[in-house]
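Residue numbers (my numbering): 839 to 1046.
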């Protein structure tokens, strides 16, 4: 099974233009195996089989790798660590903060951080509106927010001067963009193609 997952991950990442070394592949597979194990008790995801978790969690998270320029990044509403943990594995030189208010998911993330020795990951069990970082971040990333307006309104205080929002969305969010405050603009938009996944994916880069 591990060999099949290894090939599924490597081939999928290569299709998206993401190169993984052996250490990163091992860490990513260890993470998704932990995710699959804890999911049975902690309900981290509705996706139960590990092959689909590789595609819809690991590869979906890694699809944004070519577009991430920021050095300090906060993943808001990280849940089971998506996309923050996969990105932290691929970018060991960048610093990631994973923020979520669900305590049981935090216990899982601390286990992941410890087992995978992810020194570039900080975990915060807080609500976004009450979290005041010591230093603002170069970027806010999320797959979790219902709307772009919620994301920009709720997370603006986390962003450093010149920082960006990385919004991972499904269909291109035309209606959500029309609801944004006028002082936000889409500086870049990238269609994302996930192997074996038919639905549309987009990464929007928003700047204040």
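Positions of the beta carbon are idealized from the N, C-alpha and C atoms, including for glycine.
Because the structure is a prediction, the values reported are computed rather than measured.
Closer than 6 Å by C-beta to residue i: which residues in its own chain qualify, once you throw out the five before and the five after it? Chain order, please.
i: residue 1002; result: 977, 1043, 1045
i: residue 856; result: 900, 903
i: residue 909; result: 932, 976
i: residue 846; result: 892
i: residue 851; result: 858, 900
Can the beta-carbon of residue i be found closer than 7 Å to that of residue j?
i: residue 927; j: residue 865; result: yes
i: residue 960; j: residue 990; result: no
i: residue 843; j: residue 867; result: yes
i: residue 869; j: residue 923; result: yes
i: residue 963; j: residue 941; result: yes
i: residue 1018; j: residue 1005; result: no
i: residue 1033; j: residue 853; result: yes
i: residue 955; j: residue 918; result: no
Quick one: what's got a C-beta closer than 8 Å to residue i's C-beta in the same chain, skipping five residues either side?
i: residue 996; result: 912, 914, 966, 969, 971, 974, 975, 978
Between which residues of its own chain and residue i is the CB-CB distance below 7 Å, once the five residues before and five after are set aside?
i: residue 1035; result: 893, 894
i: residue 876; result: 882, 946
i: residue 948; result: 961
i: residue 998; result: 974, 975, 976
i: residue 981; result: 920, 921, 1006
Can you tell me whether residue i is buried or exposed? The criterion is at least 16 other CB atoms within 10 Å of its CB, across all chains shown.
i: residue 859; result: exposed
i: residue 1029; result: exposed
i: residue 1007; result: buried
i: residue 886; result: exposed
i: residue 1039; result: buried
i: residue 953; result: exposed
i: residue 841; result: exposed
i: residue 925; result: buried
So, under 8 Å CB-CB, residue i and residue j are touching, yes? Tell me the CB distance rounded to an integer number of Å.
i: residue 898; j: residue 916; result: Their Cβ separation, rounded to whole angstroms, is 14 Å, which puts residue 898 and residue 916 out of contact at 8 Å.
i: residue 950; j: residue 896; result: Between residue 896 and residue 950 the Cβ distance is about 13 Å, and since that is not below 8 Å, they are no contact.
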